[in-house]
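Numbering (my numbering), first residue to last: 2 to 195.
Each residue gets a CB set at the ideal place from its N, CA and C atoms; glycine is no exception.
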Ligand SMILES: Cc1cc2nc3c(=O)[nH]c(=O)nc-3n(C[C@H](O)[C@H](O)[C@H](O)COP(=O)(O)O)c2cc1C
């Protein structure tokens, strides 16, 4: 097959992104908005808002709330996942853990199973969510998600890199988000054998 035709036939890689913050002015939601602008050719990104997902209750895991059903359906339909995590008390924020708990249940119905995933995170502290990101990577083992290792996008002192309108203004941060997306797309294609 000629190269032109092969490129035309390549399927668009779909990415589902979500942030572990409900805050209107969230720096992590801002990272996802920047990612929407930086998504590489041949890929598309949809952002899912975790607002409205109730606290996990295992009594309901076999008949989850509508918002959780929607979340799981979107996870299953996507080729890859992009997570923007804040850090809370040196670990993952409850909003993110809660949503991921719902999506991974009931046992044997884990929507994340086998999904390629990339992580980024912003905090006002000097470690830029490093601790939270490594805790998240630990969960990927049980969830059977397949993360890219690099680049690690840890955005410290986010208040200096994201303006009042929620735009990522720091050029280096934008470059890193772009690289992360490129790596995630390449990784996803490799896993699909595409
Ligand atoms: C309960 C709580 C715990 C926090 N713990 C940490 C922390 O461990 N490390 C850190 O860098 N920032 C911590 N912060 C500050 C966050 O970096 C900051 O609130 C950030 O804006 C949260 O992300 P968001 O803007 O996406 O909501 C904490 C904030 C809250 C509310």
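Quiz item: Below 8 Å between beta carbons: does that hold for residue 123 and residue 96?
Solution: Walking along the chain shown from the start, residue 123 turns up at place 122. Walking along the chain shown from the start, residue 96 turns up at place 95. Not in contact: residue 123 and residue 96 (Cβ atoms no closer than 8 Å).
Practice problem: Please state whether DSSP places residue 194 in a helix, a strand or coil. | Solution: Taking the first residue of the chain shown as 1, we reach residue 194 at position 193. Note: residue 194 maps to coil in three-state DSSP.
Quiz item: Going by alpha carbons, who is nearest to residue 33 out of 193, 136 and 169?
Solution: In the chain shown, the residue the question calls residue 33 occupies position 32. Checking every option, the nearest Cα to that of residue 33 belongs to 169.
Quiz prompt | Cβ contact (3+ pairs, closer than 8 Å) linking the region 177–188 and the region 112–132 | solution = yes
Practice problem: For residue 140, verify whether its CB is less than 7 Å away from any heavy atom of ligand 1. | Solution: Here residue 140 corresponds to residue number 139 of the chain shown, with the count starting at 1. No, ligand 1 has no heavy atom inside 7 Å of this Cβ.
Quiz item: Should residue 84 be counted as a contact of ligand 1 given a C-beta to heavy atom distance under 7 Å?
Solution: Taking the first residue of the chain shown as position 1, residue 84 is located at position 83. Every heavy atom of ligand 1 is 7 Å or more from the Cβ of residue 84, so no.
Quiz item: Cβ of residue 97 within 7 Å of any heavy atom in ligand 1?
Solution: For the purposes of this step, residue 97 is identified with residue 96 of the chain shown, where counting begins at 1. Every heavy atom of ligand 1 is 7 Å or more from the Cβ of residue 97, so no.
Self-check item: residue 140 (DSSP reduced to helix, strand or coil)
Solution: Along the chain shown, read from residue 1 onward, the residue named residue 140 stands at position 139. In this structure, residue 140 counts as helix in the three-state DSSP scheme.
Exercise. Assign residue 150 to one of two classes, buried (16 or more other C-beta atoms within 10 Å of its C-beta) or exposed (fewer than that).
Key: Position 149 of the chain shown, counted from the start, is the residue given in the question as residue 150. The residue is exposed, with fewer than 16 neighbouring Cβ atoms inside 10 Å.
Quiz item: What beta strand (DSSP E) runs, 3 residues minimum, are completely inside the region 80–142?
Solution: 81–85 and 117–123
Quiz item: What residues come near ligand 1, if near means a beta carbon less than 7 Å from any of its heavy atoms?
Solution: 20, 22, 24, 26, 27, 28, 29, 30, 87, 88, 89, 90, 91, 123, 124, 125, 126, 128, 130, 132 and 159
Exercise. Would you tell me roughly how many angstroms separate the C-alpha atoms of residue 197 and residue 181, rounded to the nearest one?
Key: Outside the modelled stretch of the chain, which goes from 2 to 195, sits residue 197, for which no answer is possible.
Quiz item: With a CB to CB cut of under 7 Å and the five nearest residues on each side skipped, what residues in its chain are close to residue 52?
Solution: As a first step, residue 52 is located in the chain shown; it is residue number 51 there, counting from the start. Closer than 7 Å at Cβ, skipping near neighbours: 23.
Quiz item: What's the call for residue 191, buried or exposed, on a 16-neighbour Cβ count within 10 Å?
Solution: Start at 1 with the first residue of the chain shown, and residue 191 comes out as number 190. With fewer than 16 Cβ atoms within 10 Å of its Cβ, residue 191 is classed as exposed.
Quiz item: Where do the N-terminal and C-terminal ends of the beta strand (DSSP E) with residue 19 fall, by residue?
Solution: The residue you call residue 19 lines up with position 18 of the chain shown. First-last of the beta strand (DSSP E) with residue 19: 14–20.
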